[in-house]
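Participant: Under our numbering, residues 2 to 104 are what the sequence shown spells out, in order.
Backbone N, C-alpha and C fix where the C-beta goes; we use that ideal spot for every residue, glycine too.
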Amino acid sequence: WEEKIHKVKGQLYFLSLAHSDVTEILPSFMISSLLALDLSYNNLNDTGVETQWYRLTNLHYLDLQGNNITGIHCLSGIRCLTKLSWLSLKDNHRSFKNYRSLV
């Protein structure tokens with residue numbers, strides 16, 4: 002599927018890779034036109050979500066629920082997502098009660 006993302010022409014606004022056994026957020030997911038990114042119910046862990054979030058300048062919706070994320074430190078990069086209005090971290094191995102401090 003990574004090769005298919007590279008072949009997309011024009012603007013891509015919504016990308017859903019839910020339930021796709023994704024283990025890391027690849028640079029090919031960092032498409033500046035994205036408004037919504039759904040990576041729910043994959044196998045992302047703390048290392049897999051440390052990425053170049055600053056490239057997603059238009060992102061409003063980010064779904065990371067149902068993964069293996071245990072530490073809030075690995076998500077500190079989402080602070081640069083100034084348009085982000087919806088973030089889901091539920092069903093990870095940690096409760097993320099302080100995730101509001103990230104944005």
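Assuming the contact rule is C-beta atoms closer than 8 Å, residue 89 and residue 64 should be a hit. Round their C-beta distance to whole Å, please.
Facilitator: Position 88 of the sequence shown, counting from 1, holds the residue named residue 89. Position 63 of the sequence shown, counting from 1, holds the residue named residue 64. So it is a contact: roughly 5 Å between Cβ atoms.
Participant: Looking at residue 59: is its Cβ nearer than 8 Å to the Cβ of residue 35?
Facilitator: Walking along the sequence shown from the start, residue 59 turns up at place 58. Walking along the sequence shown from the start, residue 35 turns up at place 34. One thing to note: residue 59 has its Cβ within 8 Å of the Cβ of residue 35.
Participant: Are the Cβ atoms of residue 57 and residue 33 separated by less than 8 Å?
Facilitator: Here the question's residue 57 lines up with position 56 in the sequence shown. Here the question's residue 33 lines up with position 32 in the sequence shown. It is a contact, given that the beta carbons lie within the stated cut-off.
Participant: Sort 17, 39, 19 and 53 by Cα distance to residue 77 and report the nearest one.
Facilitator: If you number the sequence shown from 1, residue 77 lands on position 76. Of the candidates 17, 39, 19 and 53, the one whose C-alpha sits nearest the C-alpha of residue 77 is 53.
Participant: With 16 other CB atoms within 10 Å as the buried threshold, where does residue 44 fall?
Facilitator: The count along the sequence shown starts at 1 and reaches residue 44 at position 43. The residue is exposed, with fewer than 16 neighbouring Cβ atoms inside 10 Å.
Participant: Whole angstroms is fine: what's the gap from residue 26's alpha carbon to residue 47's?
Facilitator: Here residue 26 refers to the residue found at position 25 when the sequence shown is read from its first residue. Here residue 47 refers to the residue found at position 46 when the sequence shown is read from its first residue. Each residue's alpha carbon lies about 11 Å from the other.
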